[in-house]
Amino acid sequence: VAMAEIYGCRERGEDIFEGIASRYEQLSSLASESEQKPSVMLNSPYRDTWFVPGDKSYLVTLINDAGAEYVCAGNDSTVSRPISTETAYLYASRADYWLNPNQANTIAQLRAENPKFGDIPAVRNLNVYNCTARSTPEGGSDFWESGTLRANRVLADLIAIFHPEVAPDEGGYYFLQLK
Numbered sequence: 161v162a163m164a165e166i167y168g169c170r171e172r173g174e175d176i177f178e179g180i181a182s183r184y185e186q187l188s189s190l191a192s193e194s195e196q197k198p199s200v201m202l203n204s205p206y207r208d209t210w211f212v213p214g215d216k217s218y219l220v221t222l223i224n225d226a227g228a229e230y231v232c233a234g235n236d237s238t239v240s241r242p243i244s245t246e247t248a249y250l251y252a253s254r255a256d257y258w259l260n261p262n263q264a265n266t267i268a269q270l271r272a273e274n275p276k277f278g279d280i281p282a283v284r285n286l287n288v289y290n291c292t293a294r295s296t297p298e299g300g301s302d303f304w305e306s307g308t309l310r311a312n313r314v315l316a317d318l319i320a321i322f323h324p325e326v327a328p329d330e331g332g333y334y335f336l337q338l339k
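Throughout the sequence shown, residue numbering follows this note's numbering, covering 161 to 339 in sequence.
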C-alpha cells in the first residue's frame, strides 16, 4: 500500500492488499477444519549447522495457519537459531513433511548431501518439498522474493501439501515435491 501511495495509486494497492488478506483468512479457515495436524521439519544443514526458525517467524506462522505443526517449536522468537545436525536429525525423524532442504531438487540429491537423510520418514515417503518451483530472472527462488508479499499463495501451497482434501485446486505455485 505504501508503494502504491508513492506511485499515486493507493486505492489499487489497498484493493490488492485486501484481496491477499481476505484469501489468506479463507484458506486458513479451511485448514483449521482438518482434524489431522501433520508435523513439519524445515531447512537443511549448512557447514554442519542446521538453522531453524523461531516460532514467530514468517514460515512457522504459515505452517501453523496451514494446519500443521512445526517439530522444532519451542523458541518464542522471530529469529533462526542453530542446532546441531544430530539434533535436527532427531527432529526430522519425527516429521511427516520436510520443507526447504536447501538447493536439493531431487531425493537423490538430498541423499547425496547426506546418506542418513534417506532414513528420514519424510524422505522415504516422498514428503519433501522445496520452494524452487518458480525462479527469478537471475535464477534465484521467487519464493523469497514475491512469496513474502503473497502470503496467500504460499499458504495455498502449504495447504495443498498438508491437506490436499481441503483445497484440491490450490498449490503448486512455489513448492515442488522432490522425487
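C-beta: ideal position from N, C-alpha, C; glycine also.
Because the structure is a prediction, the values reported are computed rather than measured.
Going by DSSP, name the residue or residues bridged to residue i.
i: Asn290; result: Leu336
i: Glu229; result: Ser199
i: Leu259; result: Leu202 and Tyr289
i: Ile243; result: Trp210
i: Ser301; result: Ser295
Please classify residue i: is it buried, with 16 or more other beta-carbons within 10 angstroms of its beta-carbon, or exposed?
i: Trp304; result: exposed
i: Ser204; result: buried
i: Ile166; result: exposed
i: Asn290; result: buried
Once the 5 residues before and after residue i are set aside, which same chain residues still bring their CB inside 7 Å of it?
i: Arg172; result: Ala164
i: Thr292; result: Asn265, Ser301 and Leu336
i: Asn235; result: Gly214, Asp215 and Arg241
Does the distance from the CB of residue i to the CB of residue j come in under 9 Å?
i: Ala320; j: Gly331; result: yes
i: Val288; j: Leu259; result: yes
i: Leu338; j: Leu286; result: yes
i: Val200; j: Ile223; result: yes
i: Val326; j: Glu193; result: yes
i: Ala226; j: Leu202; result: no
i: Ile280; j: Ser237; result: no
Just to confirm my understanding: we take residue i, look at its own chain, exclude 5 residues before and 5 after, and list those with CB closer than 8 Å. What are they?
i: Phe177; result: Val161
i: Pro324; result: Gly331
i: Ser295; result: Ser301 and Asp302
Could you pull out every residue in the same chain whose Cβ sits closer than 6 Å to the Cβ of residue i, ignoring the five residues on either side in sequence?
i: Pro242; result: Thr209 and Phe211
i: Gly299; result: none
message: Assess contact between the segment 209-222 and the segment 311-323, defined as three or more Cβ pairs (one per stretch) separated by less than 8 Å. Is contact present?
response: yes
field: Inter-stretch contact (C-beta, 8 Å, three-pair minimum) for the segment 226-234 and the segment 208-217
entry: yes
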